[in-house]
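**Q**
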Amino acid sequence: MIQNSFIPFGFQYYRSPTPFRDQWEKDLSNIAGQGFNCVKYWVQWRASVSKEGIYQFDDIQELMDIAQRNGLKVILNVIFDVAPAWFYKKYPDSKMITADGSVLEPRAINCRQIGGAPGPCYHHAAAATEKAKFLSEAVKTFKDHPALWVWDLWNEPELTTGIKRKLSFDNQVCYCEHSVLAFQEWLKNKYITLEALNESWQRTYGSWEEVETPRGQGVFNDLVDWRLFMSGTLTDELRSRVETVKSLDLLHPVMAHTVPAPIFNMITAGSDDFKLAEPCDLTGNSLGSSAWSADLLISAAKGKPIINSEIHALPGNTAMKPRQPELWKMKRHILTPLARGITGFLFWQYRPEVLGQEAPAWGSVYLDGSPTPWYKDMAHLNKLVQSNKQELMQAKRRGDGIAILFSPQNQIANFAAHDHLDTYNDSLQGVHKLLHELNYKVEFLHETDVTEETLEQYRCLWMPYPLYLSRKLCNTLREWVEKGGILISECSFGALQAENGCHSYTVPGYGFDEVFGVRETWIHSAENLDHSYHQVAFESRTAIPILNVMKHSKEAETAADDKAQGSYYKSDIELQSQVKVLADFAEDHMPALTSAAYGNGRAVWFGTLLAAAYWQDGHSGTLQLVRDLLQQELKLQPNVQVSGGVRADLSEWEVEQNRGAFLYVHNEGNELAEARVTLPAVYTYAEPWFDNGNVRIQPIDSLKPSTTTLTMKVEAGDVQVFRLS
779 MIQNSFIPFG FQYYRSPTPF RDQWEKDLSN IAGQGFNCVK YWVQWRASVS KEGIYQFDDI
839 QELMDIAQRN GLKVILNVIF DVAPAWFYKK YPDSKMITAD GSVLEPRAIN CRQIGGAPGP
899 CYHHAAAATE KAKFLSEAVK TFKDHPALWV WDLWNEPELT TGIKRKLSFD NQVCYCEHSV
959 LAFQEWLKNK YITLEALNES WQRTYGSWEE VETPRGQGVF NDLVDWRLFM SGTLTDELRS
1019 RVETVKSLDL LHPVMAHTVP APIFNMITAG SDDFKLAEPC DLTGNSLGSS AWSADLLISA
1079 AKGKPIINSE IHALPGNTAM KPRQPELWKM KRHILTPLAR GITGFLFWQY RPEVLGQEAP
1139 AWGSVYLDGS PTPWYKDMAH LNKLVQSNKQ ELMQAKRRGD GIAILFSPQN QIANFAAHDH
1199 LDTYNDSLQG VHKLLHELNY KVEFLHETDV TEETLEQYRC LWMPYPLYLS RKLCNTLREW
1259 VEKGGILISE CSFGALQAEN GCHSYTVPGY GFDEVFGVRE TWIHSAENLD HSYHQVAFES
1319 RTAIPILNVM KHSKEAETAA DDKAQGSYYK SDIELQSQVK VLADFAEDHM PALTSAAYGN
1379 GRAVWFGTLL AAAYWQDGHS GTLQLVRDLL QQELKLQPNV QVSGGVRADL SEWEVEQNRG
1439 AFLYVHNEGN ELAEARVTLP AVYTYAEPWF DNGNVRIQPI DSLKPSTTTL TMKVEAGDVQ
1499 VFRLS
């Protein structure tokens, strides 16, 4: 079903009504003529069904035929969040309602110029029926067309198509009667009895019909349930679309492409990349050009093929014009995800937009259709990729055995506690940044995937600010640590309990004070209330100084590296006698970082939000502290060793008894890097992809005969690729 030898490389082309018909033939011929092989067309509900019961796909049909004549494969991106005007007239009760009572009237927005956004409520029965009819007609019309490659069934899944994406309690949806009834049914299925719901929410409901939908800040479990329900609604919607397609077309794969956290959140967007990947044959991403989003998407895909569905190389609008991207920037868009195993690339978009606020941005070519310098760079990168496609499709990276816990429930609870997501997002992204800059392969593990079996794949699990946890999860983690796993946690582990939404009497919770050998007796926040009516959000950026007392690893450079930084919270603790202290708070020398043996494993505790601090300031001492912790104290070395301030990824392949690898070396700094990279295999030849790529393979080290060391110079911001054999 999925073509294993095909690496799509091309453009989003058509979002009706642009580009206009008189440009189609020339544009698609030019795209194919430059060596590109794939385009994406939007099939929009409002555009194709402007009259009830009449389905018109003439524009898409003509575009498909032109693509076929030019040897281009097509992704059909079916768009449902632009409901026809007749539908809203017929079903006025289908409009979504926010927590503050606002009705989301249909409208045109910058990325839905034909109107009808954000579409009807996902729990409206007639809407579900009409969307299924539209999709079925589209599938029946195009399933046998030779140009069709993939059905993309959701462009950036979220609840309101960006209209109410801004994070706030008031922007939550949907509070219409259809969603309220569906939520009550969801709660029945989860809790079975009303008594169980009342215990979880700490309420006194006498019937399921009395259950209210949460609206504001107050308690935790009701909001966690409410947002998990709405996020699950998106996943169920996608699953329904997949089932519709597969009932009619078993030949072509299905996908959706998401936008990564923190841009899309669980509160107002509802998008969970892991859950949305489950029903699909392959998956994709917008904004997938960064290491963060690529690593997150790869973890969510769980081995399924991935394409970078929307490369945002020229963002802008009528007011803020796009920058002209240089070659090094274009290389990042392709090579950062390619280094991680993403093998598909579509730029948004071919022509600059001419309709609405997005004009005149986003163009890979000029407004008149003539080639830009960056269009030529795209073509050059495509040729390099296609000339190595057989090996690229087989190439794999070795894991380093470290995962970051990804917890939607904890994200929701953080919002309920803080009225923002900075603590959660800064911590999550901060852990990624630390591991990325220390050259580990970064993986994420979704909380619902934590089992005895999945944990066996990892040596170490890092839990960013694990404020909200469950007994089931903690029991699994305890057994894993006891058998030899390494658990790293920031402060407030399980302070909020999922079983009843209450604060634990002991922190760490769920008996993990015995696992960590630490009991938090007091936690100081960097800001405090002056009185009970002091209406402020806790958004401190105050650095909390920490002293590293570990022996430095070989990467230590200066005495200043002894000083690290935490953020948001500082914990006072009682310590068991056998616990090892690895860092102190500078203020009072209270332990800030500890390590304890538990069974055959280890439990490491931070008394602050260290990763959030690193996300905010990138302090070199914080990086050194984590390097010392992982490499000296815990003996967790990355497979690919680097020095000189670069990031290096090794992707190994074996094709027809020939073996080799691709080495990607990325200088993310602002100065020329003189780098040294040591690989866990022997290679004798390195061929650069780019003319300015220079590399030397060093003589084999007799003490490490199964490794290869290479030295190279990489310009600031640049990425170099070497084919090794």
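Quick note: the sequence shown, position 353, residue 1131 per this note's numbering, numbers continuous.
Glycine included, C-beta positions come from ideal geometry on N, C-alpha and C.
Note that the coordinates shown come from a computational prediction; the quantities given were computed from them, not determined experimentally.
Would Gly1272 pass as a contact of Tyr1283 if the rule is Cβ separation under 8 Å?
**A** No, these two residues do not count as a Cβ contact at 8 Å.
**Q** What residue does the alpha helix (DSSP H) around Ser978 start on, and which one ends it?
**A** First-last of the alpha helix (DSSP H) with Ser978: 972 to 979.
**Q** Can you tell me whether Ala1337 is buried or exposed, with buried defined as 16 or more other CB within 10 angstroms of its CB?
**A** At Ala1337 the pLDDT is 49, less than 50, meaning the model places this residue with poor confidence and gives no usable figure here.
**Q** Using C-beta distances below 7 Å, list every residue in its chain close to Ala1191, excluding the 5 sequence neighbours before and after it, in chain order.
**A** Excluding residues within five positions, the ones whose Cβ falls inside 7 Å are Phe998, Val1002, Leu1245, Tyr1246, Leu1274.
**Q** In the DSSP output, which residue or residues are listed as bridge partners for Gly788?
**A** DSSP lists Cys816, Leu1124 as partners of Gly788.
**Q** Given Asp1000, which residues of its chain have a CB within under 6 Å of its CB, disregarding the five upstream and five downstream residues?
**A** The answer, listed in chain order, is Trp979, Pro992.
**Q** For Phe798, count the other beta carbons within 10 Å of its own beta carbon; 16 or more makes it buried, fewer makes it exposed. Which is it?
**A** Exposed, since its Cβ has fewer than 16 Cβ neighbours within 10 Å.
**Q** Looking at C-alpha atoms only, which residue of Phe1316, Glu934, Gly1295 is the closest neighbour of Ser1303?
**A** Per the Cα distances, Phe1316.
**Q** Give the range of the alpha helix (DSSP H) segment to which Ile844 is assigned.
**A** Start and end: 836 to 847.
**Q** Under a three-way DSSP split, which group does Ile1112 fall into?
**A** Helix at Ile1112.
**Q** What is the rounded straight-line gap between the Cα of Ser1345 and the Cα of Asp1291?
**A** In a straight line, the C-alpha of Ser1345 is about 22 Å away from that of Asp1291.
**Q** For Glu1352, which residues from the same chain have a beta carbon less than 7 Å from its beta carbon, with the 5 sequence-adjacent residues on both sides left out?
**A** Correct list, in chain order: Arg1297, Thr1299.
**Q** Going by beta carbon distance, what residues of the same chain come within less than 7 Å of Leu1360, once the five residues before and after it are set aside?
**A** These residues qualify, in order along the chain: Val1327, Met1328, Leu1371, Thr1372, Ser1373, Leu1407, Glu1411.
**Q** Report the option in Gln891, Gln1498, Ala1453, Asp1059 whose CA atom is closest to the CA atom of Asp1469.
**A** Answer by Cα proximity: Gln1498.
**Q** Less than 8 Å between the C-beta atoms of Ser1185 and Glu1234, yes or no?
**A** No. Outside cutoff.
**Q** For Tyr866, does the three-state DSSP call read helix, strand or coil?
**A** The answer is helix: DSSP assigns Tyr866 an H, G or I state.
**Q** Just how far apart, CA to CA, sit Thr938 and Phe947?
**A** Roughly 14 Å separates the two Cα atoms.
**Q** Identify which residue in Gln822, Met842, Val852 has its Cα closest to the Cα of Phe814.
**A** Ranking the options by Cα distance to Phe814, first place goes to Val852.
**Q** Out of His1367, Ala1391, Leu1006, Phe789, point me to the one whose CA is closest to Ala1091's CA.
**A** It is Phe789.
**Q** Under 8 Å: do the segment 1453 to 1466 and the segment 1478 to 1488 share three or more Cβ pairs, one atom per stretch?
**A** With a cut-off of 8 Å, the segment 1478 to 1488 and the segment 1453 to 1466 count as touching, because enough Cβ pairs lie within range.
**Q** One question on the structure: do Val1259 and Leu1265 come within less than 8 Å of each other, judged by their Cβ atoms?
**A** Contact flag set, yes.
**Q** In chain order, what residues of the same chain have a beta carbon less than 6 Å from the beta carbon of Gln1476, not counting five sequence neighbours either side?
**A** Correct list, in chain order: Thr1487.
**Q** When the distance is taken between beta carbons, is Pro896 closer than 8 Å to Leu882?
**A** Contact flag set, yes.
**Q** What number of angstroms, rounded off, separates the C-alpha of Ser783 from the C-alpha of Ile1322?
**A** About 52 Å.
**Q** Which runs of the alpha helix (DSSP H) fall wholly inside the segment 1165 to 1193 and span at least 4 residues, in chain order?
**A** Counting whole runs of 4 or more residues, the segment 1165 to 1193 contains the alpha helix (DSSP H) stretches 1167 to 1172.
**Q** Using three-state DSSP, classify Tyr1236 as helix, strand or coil.
**A** Here Tyr1236 sits in coil by DSSP.
**Q** CA-CA distance, His1196 and Cys816?
**A** One C-alpha to the other measures close to 45 Å.
**Q** So, under 8 Å CB-CB, Ala1181 and Ser1429 are touching, yes? Tell me the CB distance rounded to an integer number of Å.
**A** Rounded, the Cβ-Cβ distance is 19 Å, inconsistent with contact.
**Q** Once the 5 residues before and after Gly1447 are set aside, which same chain residues still bring their CB inside 7 Å of it?
**A** Cβ neighbours of Gly1447 beyond the five flanking positions: Gly1423, Ala1494.
**Q** In the segment 1453 to 1496, which residue ranges form an unbroken beta strand (DSSP E) of at least 3 residues, counting only runs that do not cross its ends?
**A** 1464 to 1466, 1473 to 1475, 1486 to 1492, all fully within the segment 1453 to 1496.
**Q** Pull the bridge partners of Asp1350 from the DSSP assignment, please.
**A** Note: Asp1350 sits in a beta bridge opposite Trp1300.
**Q** Are the CB atoms of Asp1155 and Met1108 nearer to each other than 8 Å?
**A** Their beta carbons are under 8 Å apart, which means Asp1155 touches Met1108 by this criterion.
**Q** Given that a residue counts as buried once 16 or more other Cβ atoms are within 10 Å of its Cβ, and exposed if not, what is Val1433?
**A** Val1433 comes out exposed.
**Q** Near Asn1378, which residues of its chain fall below 8 Å by C-beta distance, leaving aside the five closest residues on each side in sequence?
**A** So the qualifying residues of the chain are Glu1260, Lys1261, Gly1262.
**Q** Assuming Ser1148 and Phe1125 form a contact by the criterion Cβ under 8 Å, report the distance between their Cβ atoms to the nearest whole angstrom.
**A** Not quite, the Cβ-Cβ distance comes to about 17 Å (not below 8 Å), so this is no contact.
**Q** Here's a check: name, in chain order, each residue in its chain whose Cβ is nearer than 7 Å to the Cβ of Leu1113, leaving out the five neighbours to either side.
**A** Counting only Cβ-Cβ distances below 7 Å, and skipping sequence neighbours, we find Tyr1442, Val1497, Val1499.
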